[in-house]
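Going by full-length UniProt numbering, the sequence shown opens with residue 1, and the numbers climb by one from there.
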Amino acid sequence: MTTSFTSPLPDTIDELWERRSELTPDDTEARDAIVGAVDELDAGKARVAFVDAATDEVIVDERAKRSILLSFRVLGMEESQVGDFRHHDRIPLKTRFDGVRVVPGAIARWGAYLAPGVVLMPSFTNFGAHVGSGTMVDTWATVGSCAQVGESVHLSGGVGVGGVLEPPQASPVIIEDEAFLGSRSMVVEGARVRRGAKLGAGTILTASTRVFDAETGDELPRGEAPAWSVCVTANRVKSFPGGDFGMPCLLVLKRLQEGQEHDKLALNDLLREHGVNA
């Protein structure tokens with residue numbers, strides 16, 4: 001059952017989208033409407049996507065995505081400077097950080113929402129992203145355009161959460177509440193890390209990644225780390241005309257109790273048993 005959803009953004013955005021090829025920075029009326037829509041994203045009053053609690057579906061607000069894409073047509077290039085660093089871009093940096101800890105070196109662009117309690121180490125949060133309260137974006141981690149990161153998530157050092165705009169994807173990456181992504185993990189192409197899932201260091205998850213349960217051998221839904229599980233990247237042998245090759249997959253090592261808090265030492269011990277670190 002598909003949830004009926006009405007965007008909180010004005011339908012003017014859809015009208016502007018239909019004539020987007022004509023828009024320029026000189027169109028002040030269009031620019032005001034688009035900037036107003038992106039301001040709603042920046043303030044967390046609208047978002048590109050969310051998980052519907054009743055159906056478990058990912059609901060995408062196409063109007064929100066369109067407002068982001070349209071902004072590149074109506075905003076001109078501007079120079080800015082932070083200390084000795086000079087920039088030349090259409091999209092300004094974010095200025096709204098109520099209740100957010102922003103460590104020097106962290107970068108967040110306008111149109112990204114950061115809830116109170118978020119901690120940004122030197123990292124990059126892109127246009128249209130949504131990051132929930134209590135989440136840590138650790139050093140050199142990247143939250144891609146329109147990515148949706150839940151509450152009390154830990155994105156470890158060097159984690160890459162892919163964007164939805166370049167290249168265009170139908171649905172953004174979804175990282176649900178209480179997830180943990182180990183160092184240098186990458187989640188891209190609209191993949192989904194469900195609530196409480198833990199990914200070992202270097203785990204790769206795409207929308208087409210095959211997922212297997214290590215205890216049963218069962219194949220699970222592609223492109224998803226199951227809720228309350230510990231997962232790592234593995235290889236599954238596949239035969240081709242040229243020989244047998246190991247193809248990457250996601251391996252579910254263990255199921256956690258629902259609501260089980262993250263115990264870093266216990267997780268490290270489990271992963272080290274299998275030659276992986278957190």
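Beta carbons: idealized from backbone N, C-alpha and C, even for Gly.
State buried or exposed for L199, treating a residue as buried only when at least 16 other CB atoms are found within 10 Å of its CB. Flag for L199 reads buried.
Starting from the Cα of P248, find the closest Cα among G163, E258, T216, R222 and give me that residue. The shortest C-alpha separation from P248 is found at R222.
Host alpha helix (DSSP H) of I34 (start-end): Start and end: 28-42.
Under three-state DSSP, which class holds Q148? Three-state DSSP puts Q148 in a strand.
In angstroms, rounded to a whole number, what distance separates the CA positions of D138 and A201? Taking the Cα positions, D138 is about 14 Å away from A201.
I'd like to check one pair, K65 with residue 293: are the Cβ atoms closer than 9 Å? Residue 293 lies beyond the residue range present for the chain, which begins at 1 and ends at 278; the question has no answer from this structure.
Rounded straight-line distance, which links the Cα of V161 to that of F212: Between the alpha carbons of F212 and V161 lies a gap of roughly 22 Å.
How would you call G163, buried or exposed, if buried means at least 16 neighbouring beta carbons within 10 angstroms? With 16 or more Cβ atoms within 10 Å of its Cβ, G163 is classed as buried.
Contact defined as beta carbons within less than 8 Å: I believe S67 pairs with A37. What is the distance between those atoms, to the nearest angstrom? That belief holds up - the Cβ atoms of S67 and A37 are roughly 4 Å apart, short of 8 Å.
Hey, A115 and G99: beta-carbon distance below 9 Å or not? Yes, these two residues count as a Cβ contact at 9 Å.
Would you be able to state if there are at least three C-beta pairs under 8 Å between the segment 48-64 and the segment 83-95? Flag = no, the segment 83-95 and the segment 48-64 do not touch.
Are the beta-carbon atoms belonging to V103 and T125 less than 9 Å from one another? Result no, Cβ atoms of V103 and T125 do not sit closer than 9 Å.
Sort out for me which residues DSSP pairs Q81 with in a bridge. According to DSSP, which records beta bridges pairwise, Q81 is partnered with R86.
CA-to-CA distance, T203 to G246, given in whole angstroms: Approximately 15 Å, taken between the alpha carbons.
What distance in whole Å lies between the Cβ atoms of A191 and A207, which are believed to be in contact at a cut-off of 8 Å? Contact holds; Cβ gap of about 5 Å.
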